[in-house]
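> Those protein sequence lines, which keep their order, are chains A and B.
Heads up: take any position in the first sequence, counting from 1, add 510, and you land on the working numbering.
Heads up: take any position in the second sequence, counting from 1, add 1, and you land on the working numbering.
Below is the structure I would like to discuss, written out as structure tokens.
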Amino acid sequence: MQNWLQEDRIVAAVVILATAGYWTDVEHLDTLRSDDIVGPAGFPAAIAILMFAMAAKLLIWPETRDDWVKIAENTWLKWGLLVGYTLAMPVFGFPASTVVFLFSLLMLLGVAWYRAILVSGAGTAAVYAVFGLLLNLRLPIGPWG
Amino acid sequence: MIESLLDGFAVALEPNHILVLALGVVLGTLVGAMPGLGPSGAIALLLPVAYGMDATTLIILMSAMYYGAFYGDSSVAIMLNIPGDAASVITTIDGHAAAQNGQAGPALATAAVSSFIAGTGAVVLLMLFTEAVSEWAIRFGPIEYFGLLVFGLTAAASLTGRSQTKGVISLLFGLMLATVGIDPITGYDRFTWGSLWLADGIPFIVVAMGLFAVPQVLDTFREISVRGAPRRLPLDRVWLNGRDFRRILPSIGRGGSTGFLVGVLPGAGATIATFLAYAVEKRVGRNPELYGTGDLRGVAAPEAANNAASGGSLVPMLTLGVPGSAATAMMLAGLMIGGVTPGPSMIQNHPDVFWGLVASMYLGNLMLLLVNFPLIPFWIRILDIPARYLLPFVLIIPVIGVYSIKQSPVDLLMLGVFGAIGYYMRARDYPAPPVILGLVLGTMLEQSMRRGLIISNGDILVFLTNGICLTFLLLAVASLIGPLLLRTLFSRSSRDEEILPTTSE
């Protein structure tokens, strides 16, 4: 019996839903006044129609095998660490956030704790020296600066 | 002209200027390696010090950093699969694949040699044909650009990977991202849903880092977890051999020519040049199935195009005062700070600056090769560092790069979101380069189309009656249909051979 619930079909359905959301703004743009014949809605409308067509093709003729993509738990955790780092950096500053991020990541990768401390501390200092001081990029110091 | 050039060399070869050249190349390489900075960022860093410099020294330093930044960009793209700039996205395809095959050294050497040859060629063309080329470039209006960009988008068709459907979905995703923000013609908000962050449009660097750097690193982490051992990239060779060099030379010629011709068009930029050069290479080069697997020709062509375009983009800046790219816009600002106004009278009013620049471009290219070539064994030693130590730092660089744009926490969050999308795309064969192409070209394509229709009072046939536009459109059709036709013809003829009776029967 054919398995209808294939991954490509789910992705195609998500793409169709997202494009439908995109289309709602296309319709709103179409009501706005514009001096050029195409207007602000023309080009997005064309892209949306093509996207509907390609997603429909994938929905009807999925391409990937029946097995689902496997994403290791560890990968979610590391991705989560990255997101946490990006949220923490503007608040707690580059040095503190980076040390914590590097330490956590190195521990997850199996590095011994004392090496993780050493590498994260020295590495953060080196990165800050190059990018923050030498290249003068405005990296946040945090509430301690 | 020769006398003026010799005078220019006399200026550029002054000891302090040689020092400035070397310093500029090294600094430019370091800065260019930083995602989010690239050549325009390298020049921008110079602007605060421009006030204290004389125009000649300033232009020499700017051109050295400009070329250095392109090479730094490519090095990181090859070794770490992180494109620092839209123009180096294509280099990641074969460049990083070559690094993974133990060919990091030859790939870096290819980038250096291709950049040198094509960059030098571009300088010669700049010198000889500046006025003629600028006259040709000025004829390019929105209608002609539309044709060029459609042709450029067909290059995306060559980047679709195994699945054309998924490749086109990637391209359309990029085009959709390009429409987010303020409509450039009417000024209306589009697809922002009231968000101030979206009103600025989606930054290229957020998408590029999210779709390239983050998935690359996460995937390598996964391999470390699965294999339970540090993973190192093999290092077979360091240099190019004679056979490699003969193999890449035609690609350098093709890529360099494409790059210069596209680069002279104001606003076209190196990105389109690199995509077109790669597309041409895949169509024309022997054994096209090797592209994408680490073929050095796939590094040579876009790198040659990149550097030739960078030389070409100086033509409109110097002769018309119209910058051809963000980096040349910065250079224009630097020159004006130095008291020099580029434009039609620059050669007459400031011949020392103009010819000093031309001479410094020759020398800058040479300096790039002399400084960076010996550093290749050093660069590839970076790959010797165990991945579990190296990659966490690799993950920090995109974060810094993204933050350096606007210091926006939302940009950082979106990096994580695009990272997740990019990881899934990588796992399920949705190619990332077409997303970048769509994002970078989408706005220009739409503007060209709409401006063309405004000029023609809504007559859509103008795109077919304009000779230059029609030529590009026909080339686009040919490049899409041609390989399909050839494949059909060849498969039919091989089927005919199977069903025809052999003489023994």
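Even glycine gets a Cβ: it sits at the ideal position worked out from N, Cα and C.
#1: Quick one: residues in its chain with C-beta nearer than 7 Å to the C-beta of R519 of chain A, no 5 flanking neighbours on either side, listed in chain order?
#2: Going by beta carbon distance, what residues of the same chain come within less than 7 Å of G197 of chain B, once the five residues before and after it are set aside?
#3: Measuring CB atoms only, is the stretch 17 to 30 of chain B touching the stretch 368 to 381 of chain B, in the sense that at least three cross pairs come out at less than 8 Å?
#4: Can you give, in chain order, each stretch of the alpha helix (DSSP H) that sits fully within the stretch 406 to 445 of chain B and has at least 4 residues?
#5: Is the beta carbon of T111 of chain B closer than 8 Å to that of V300 of chain B?
#6: Checking 8 Å against the spacing of the C-beta atoms, do G264 of chain B and A309 of chain B come in under that value?
#7: Which stretch, first to last residue, makes up the alpha helix (DSSP H) that contains F213 of chain B?
#8: Taking Cβ-Cβ distances shorter than 7 Å, what residues in chain A pair up with E447 of chain B?
#9: If you count every other CB in all the chains shown that lies within 10 Å of the CB of P550 of chain A, and 16 or more means buried, which is it?
#10: For the ligand SAH, is there any heavy atom lying closer than 7 Å to the beta carbon of H97 of chain B?
#11: Measuring only between beta-carbons, confirm whether V32 of chain B sits less than 8 Å from chain A.
#12: Could you tell me whether the Cβ atoms of T92 of chain B and I83 of chain B are closer together than 8 Å?
#13: From what residue to what residue does the alpha helix (DSSP H) around I170 of chain B run?
#14: Smallest Cα separation from Y279 of chain B: which of B:W240, B:M66, B:D86, B:G153?
#15: DSSP three-state label for R191 of chain B, please.
#16: Just curious, the alpha helix (DSSP H) that Y67 of chain B is in, first and last residue?
#17: For a quick check, are the C-beta atoms of I61 of chain B and G357 of chain B less than 8 Å apart?
#18: Measuring alpha carbon to alpha carbon, tell me which residue in A:Y624, A:V637, A:A555 is nearest G531 of chain A.
#19: Flag F602 of chain A as yes if its beta-carbon sits less than 8 Å from any beta-carbon of chain B, otherwise no.
#20: Between L413 of chain B and R625 of chain A, what straight-line distance do the alpha-carbon atoms span, to the nearest angstrom?
#21: Taking DSSP's pairing of strands, which residues face G182 of chain B in a bridge?
#22: If contact is defined by three or more beta carbon pairs under 8 Å, each pair taking one atom from either stretch, is the stretch 244 to 254 of chain B in contact with the stretch 68 to 77 of chain B?
#23: Would you decide whether K167 of chain B is buried or exposed? Buried here means 16 or more other CB atoms lie within 10 Å of its CB.
#24: How about S361 of chain B: is its C-beta nearer than 8 Å to some C-beta of chain A?
#25: Verify the CB distance criterion: does M177 of chain B have a CB-CB separation below 8 Å to chain A?
#26: For R452 of chain B, does the three-state DSSP call read helix, strand or coil?
#27: Chain A beta carbons: is any one of them nearer than 8 Å to that of V478 of chain B?
#28: Looking at the C-beta of L645 of chain A, does it have a partner C-beta in chain B at a distance below 8 Å?
#29: Quick one: what does DSSP say R248 of chain B is sitting in, helix, strand or coil?
#30: Given a threshold of 16 other Cβ atoms within 10 Å of its Cβ, counted over all protein chains shown, does G596 of chain A qualify as buried or as exposed?
#31: Once DSSP output is grouped into helix, strand and coil, what is the label at R382 of chain B?
#32: Of all the CB atoms in chain B, is at least one closer than 8 Å to the CB of A635 of chain A?
#33: Can you look up A34 of chain B in the DSSP assignment and give me helix, strand or coil?
#34: Counting only Cβ-Cβ distances shorter than 9 Å, please list the residues of the stretch 617 to 631 of chain A near chain B, keeping chain order.
#35: Can you give the Cα-Cα distance for R255 of chain B and L438 of chain B, rounded to whole angstroms?
To lay it out plainly:
#1: Numbered from its first residue, the first sequence carries residue 519 of chain A at position 9. L569, P572.
#2: Position 196 of the second sequence, counting from 1, holds the residue named residue 197 of chain B. Contrary to the premise, residue 197 of chain B reads as Leu rather than Gly in this sequence. Around L197 of chain B: no qualifying Cβ.
#3: yes
#4: 410 to 428
#5: Indexing the second sequence from 1 puts residue 300 of chain B at position 299. Indexing the second sequence from 1 puts residue 111 of chain B at position 110. Yes, the pair counts as a contact, with Cβ atoms nearer than the cut-off.
#6: The residue you call residue 264 of chain B lines up with position 263 of the second sequence. The residue you call residue 309 of chain B lines up with position 308 of the second sequence. The answer is yes: Cβ separation under 8 Å.
#7: As a first step, residue 213 of chain B must be located in the second sequence, where it is residue number 212. That residue, F213 of chain B, is in no alpha helix (DSSP H); it is neither H nor E in DSSP.
#8: Here residue 447 of chain B is taken as the residue at index 446 of the second sequence, counted from 1. Here the neighbours are F553.
#9: Here the question's residue 550 of chain A lines up with position 40 in the first sequence. Buried: at least 16 other Cβ atoms inside 10 Å.
#10: Absence of the ligand SAH from the depicted structure is noted, as is the absence of any ligand whatsoever, leaving it without description.
#11: Locating residue 32 of chain B in the second sequence gives position 31, where the first residue counts as 1. Yes, V32 of chain B counts as interfacial toward chain A.
#12: For this step, residue 92 of chain B is matched to residue 91 along the second sequence. For this step, residue 83 of chain B is matched to residue 82 along the second sequence. Contact: no.
#13: By 1-based counting over the second sequence, the position of residue 170 of chain B is 169. Where I170 of chain B is concerned, the enclosing alpha helix (DSSP H) stretches over 165 to 179.
#14: Locating residue 279 of chain B in the second sequence gives position 278, counting from the first residue. Comparing Cα positions, the closest option is B:G153.
#15: Your numbering for residue 191 of chain B matches position 190 in the second sequence. R191 of chain B: strand per DSSP, three-state reduction.
#16: Here residue 67 of chain B corresponds to residue number 66 of the second sequence, with the count starting at 1. From DSSP, the alpha helix (DSSP H) with Y67 of chain B extends over 56 to 81.
#17: The sequence position of residue 61 of chain B within the second sequence is 60, counting from 1. The sequence position of residue 357 of chain B within the second sequence is 356, counting from 1. Yes, they are a contact pair.
#18: Counting from 1 along the first sequence, the entry for residue 531 of chain A is found at position 21. The residue with the shortest Cα to Cα distance from G531 of chain A is A:A555.
#19: Within the first sequence, residue 602 of chain A is the residue found at index 92, counting from 1. Output row for F602 of chain A: interface = no.
#20: In the second sequence, the residue the question calls residue 413 of chain B occupies position 412. In the first sequence, the residue the question calls residue 625 of chain A occupies position 115. Those two C-alpha atoms are separated by around 28 Å.
#21: For the purposes of this step, residue 182 of chain B is taken as residue 181 along the second sequence, with counting starting at 1. Answer is B:R191, bridged to G182 of chain B.
#22: no
#23: Within the second sequence, numbered from 1, the residue matching residue 167 of chain B stands at position 166. The residue in question, K167 of chain B, is buried, as its Cβ has 16 or more Cβ neighbours within 10 Å.
#24: Mapped onto the second sequence, residue 361 of chain B falls at position 360. No, no contact with chain A.
#25: As a first step, residue 177 of chain B must be located in the second sequence, where it is residue number 176. Yes, M177 of chain B counts as interfacial toward chain A.
#26: The residue you call residue 452 of chain B lines up with position 451 of the second sequence. Correct three-state label for R452 of chain B: helix.
#27: In the second sequence, residue 478 of chain B corresponds to position 477, counting from 1. It does not: the Cβ of V478 of chain B has no partner Cβ on chain A nearer than 8 Å.
#28: For the purposes of this step, residue 645 of chain A is taken as the residue at position 135 of the first sequence. With 8 Å as the cut-off, L645 of chain A counts as an interface residue toward chain B.
#29: Against the second sequence, residue 248 of chain B aligns to sequence position 247. It is helical.
#30: Your numbering for residue 596 of chain A matches position 86 in the first sequence. For the sequence presented, residue 596 of chain A should be read as Thr rather than Gly. By the neighbour-count rule (16 or more Cβ atoms within 10 Å), T596 of chain A is buried.
#31: Position 381 of the second sequence, counting from 1, holds the residue named residue 382 of chain B. Helix.
#32: Here residue 635 of chain A refers to the residue found at position 125 of the first sequence. Not one chain B Cβ lies under 8 Å of A635 of chain A.
#33: One-based indexing of the second sequence puts residue 34 of chain B at position 33. If DSSP states are grouped into helix, strand and coil, A34 of chain B belongs with coil.
#34: L618, L619, G620, V621, R625, V629, S630
#35: Numbered from 1 along the second sequence, position 254 holds the residue referred to as residue 255 of chain B. Numbered from 1 along the second sequence, position 437 holds the residue referred to as residue 438 of chain B. Taking the straight line joining both Cα atoms gives about 21 Å.
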